[in-house]
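In what follows, a single structure is set out as structure tokens and then discussed.
2 protein chains.
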Amino acid sequence: MTCPPGASERLFAAMRHAVLAPAKRLRPILAITAYRSLGGSERRIYPVAAAIEMLHTYSLIHDDLPCMDNDDFRRGQPSAHRKYGEATAVLTGDALLTLGFQVIGTIPERRKGADAATILEAVRILAAAAGTGGLITGQSLDLSGSARTGNLDDVGRIHRNKTARLIAAAMDTGALVGGAGMETRRRIRDAGTLAGEAFQIIDDVLDRETGRETLGKTPGKDALNDKLTFPALAGTEKARETAAKMVTEAKSMLPEGATTGLLRAMFDFLITRAS
Amino acid sequence: MTCPPGASERLFAAMRHAVLAPAKRLRPILAITAYRSLGGSERRIYPVAAAIEMLHTYSLIHDDLPCMDNDDFRRGQPSAHRKYGEATAVLTGDALLTLGFQVIGTIPERRKGADAATILEAVRILAAAAGTGGLITGQSLDLSGSARTGNLDDVGRIHRNKTARLIAAAMDTGALVGGAGMETRRRIRDAGTLAGEAFQIIDDVLDRETGRETLGKTPGKDALNDKLTFPALAGTEKARETAAKMVTEAKSMLPEGATTGLLRAMFDFLITRAS
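Heads up: the sequence lines are chains A and B, in that order.
The opening position of the first sequence corresponds to residue 1 in our numbering, with each subsequent residue numbered one higher.
The opening position of the second sequence corresponds to residue 276 in our numbering, with each subsequent residue numbered one higher.
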């Protein structure tokens, strides 16, 4: 991500700051793992995986903005707007979102005939999951009253949009590029949705239980903002129990066979992680 | 753009407010005109044209934000953040940018084989022009000191990024989907770049000379923000003269033949318009 001549050094520094910060890289790894589980063995999933991490990072930058969740720390460092100012943070998010699609759109000439329809489908899936079919609707509902006055159903709906859709889309595009058929992809997607919901429940548990140094972002924000979360409504013990059940069910949805062993292990990690 | 069940009504209202407001639709019309000029006669350019208008509208919403140009009026009505608040305005821009790529990515099944590589190339071109290869770099440079301390070269560089690249990309994708070859596309793109620069010069002239009612946005903002523009540096007469010369040159770059008559007429409109 080198700044081309004539472009803004500051913008590229902020893009690198955000996207190259230490992070779990969960979504791209799930995409690559799903791809390999379905028999893919080439590097053609990498641009898609890179794009997914850019899309995810853009959403973190914009969610952290003062007019949104107003969070000063992310990935163990000052959030983009804290370090580079609000205007550059907005543009940095915009730039990473856009670059994601540019990276997916840039496939080598020799592959065009065979892969273009598949990659274009990946564009559609990821745009839907990042946009009003997922992330943006989730954040919009989260900002609205329903995150404060709702019940567990409302919380579930917000989390499916905010978190689970992109995780499911990452696994779906991995399976798609790996050559999986519609039925296999449906199973992968459903498993990803459930695992994504479990991931979010544990995220909210960690928000209550973990210090900033381990978490890499400001803990206790949900309680501070009076936001409903699963552990807030049902307690952390019940939350961990529910997440574990979800992951067990998600694992049972995956296609049979040893090739999904790594996906299963990753699902377990989603709920056993410490940050 | 109907709000699906479970999504945020407020977000969709804001998206409609911004993208369906009365506007010239210059960029999509240029895409469609370039497509038709090159022999295209079907409706397959329409999703690309719609996406281009969404990308353009997103950039207006984010540019108008308080942390950016802080503009209260756009397209003859309150800007998105004035009407829906800052958080929703950020999300509305994000949503339109993302929806643009989703719309391009959604091509009918029966066309997939033939068109996917072409449409994927359009994704790449538009992402580059909307992103760090254009709009975002332009806005970033515009916000930085170079828009205040620079000379005509700096102004030209900002305007090429901020305005001309997306106009050129609109024409380029029109030509691409219309089946044009590389050399024809290069001419169309170069002509579009020059016409786009002329468009921006006239925009800056109108900003100094026209009232808000005609303009549909707050006039005099550039002078207020102490921003360098072509007319500020060289005077409005010289600016109009330069824009006219650029359009004459742009027209001469277009491929020969009567089929580009409408494109030529549109280039003339770019510099004779009153708003």
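Ideal Cβ positions, reconstructed from N, Cα and C, are used throughout, including at glycine.
In this text, all values refer to a predicted model and were calculated from it rather than measured experimentally.
- Across the set A:S8, A:Y46, A:M1, A:D268, the C-alpha of A:Y46 shows the shortest separation from the C-alpha of A:G178.
- For the pair B:R302 and B:T393, the Cα-to-Cα distance works out to about 19 Å.
- Shown here, A:R74 sits in a strand according to DSSP, grouped into three states.
- Chain B places a beta carbon closer than 8 Å to that of A:R157, counting this residue as a contact.
- Contact fails between the segment 366-376 of chain B and the segment 510-520 of chain B, because fewer than three Cβ pairs, one in each stretch, are under 8 Å apart.
- The residues Y84, T88, in chain order, have a CB closer than 8 Å to that of A:R10 in the same chain once the five nearest residues on each side in sequence are set aside.
- Any Cβ of chain A closer than 8 Å to the Cβ of B:D497 would place that residue at the interface, and such an atom is absent.
- With contact defined as three or more Cβ pairs closer than 8 Å, the segment 137-144 of chain A and the segment 179-186 of chain A are not in contact.
- Around the Cβ of A:G196, a 10 Å sphere holds 16 or more other Cβ atoms; the residue is buried.
- Judged by DSSP in its simplified three-state form, B:D465 adopts helix.
- For A:A117, the nearest CB of chain B lies under 8 Å from its own CB, placing it at the interface with that chain.
- Each residue's CA atom was taken as its position, placing A:T173 and A:M266 some 17 Å apart.
- Residue environment analysis places B:T407 among the buried positions, since at least 16 neighbouring C-beta atoms fall within 10 angstroms of its C-beta.
- From the beta-carbon of A:L206, no residue of chain B is found nearer than 8 Å; the closest lies around 25 Å away.
- In the pairwise beta carbon analysis, the segment 150-167 of chain A is classified as not touching the segment 214-225 of chain A: fewer than three pairs are separated by under 8 Å.
- Judged by their CB atoms, A:A175 and A:A129 are not nearer to each other than the 8 Å cut-off.
- By the Cβ criterion, the segment 311-331 of chain B is not in contact with the segment 341-359 of chain B, since fewer than three pairs of Cβ atoms, one from each stretch, lie closer than 8 Å.
- Taking 8 Å as the upper bound for CB-CB distance, A:P231 and A:V205 are in contact here, some 5 Å apart.
- B:H434 has its alpha-carbon roughly 10 Å from the corresponding atom of B:A473.
- Neighbours of B:G454 in chain A, taken as residues whose beta carbon is under 8 Å from its own, are absent, since the nearest beta carbon is some 15 Å off.
- Listed along chain B, no residue sits closer than 7 Å to A:V19 by beta-carbon distance, the nearest being about 13 Å off.
- Counting along the chain, A:K238 sits inside the alpha helix (DSSP H) bounded by residues 236-253.
- Under a 10 Å Cβ-count criterion, B:S316 is classified as exposed, with fewer than 16 other Cβ atoms of the shown protein chains found around its own Cβ.
- Taking a beta-carbon distance threshold of 8 Å, A:R124 counts as an interface residue toward chain B.
- Contact check for B:G368 against B:A296 fails: the beta carbons are separated by 8 Å or more.
- Against B:R319, chain A offers no close residue; the least beta-carbon distance is about 13 Å (beta-carbon pairs closer than 9 Å).
- B:Q475 is the residue among B:D482, B:L529, B:S527, B:Q475 whose C-alpha sits nearest the C-alpha of B:L545.
- By the C-beta density criterion, A:T2 is exposed, having fewer than 16 other C-beta atoms within 10 angstroms.
- Short of 8 Å from the beta carbon of B:P341, and not among the five residues preceding or following it, lie these beta carbons of its own chain, in chain order: H356, E361.
- Nearest in C-alpha terms to A:E256, of all of A:R187, A:K245, A:M68, is A:R187.
- Here A:G6 is actually not in contact with B:A402; their C-beta atoms are around 18 Å apart, not less than 8 Å.
- Shown here for A:H56: same chain residues with a beta carbon closer than 7 Å to its own, the five before and five after excluded, namely R27, L166 in chain order.
- A:T229 is a Cβ neighbour of A:D222, given a cutoff of 8 Å.
- In this structure, B:S312 lies away from B:L508, with their beta-carbon atoms at least 8 Å apart.
- Assigned with DSSP and collapsed to three states, A:K83 falls in helix.
- Relative to the Cα of B:V378, the nearest Cα in the group A:A191, A:L254, A:A122 belongs to A:A122.
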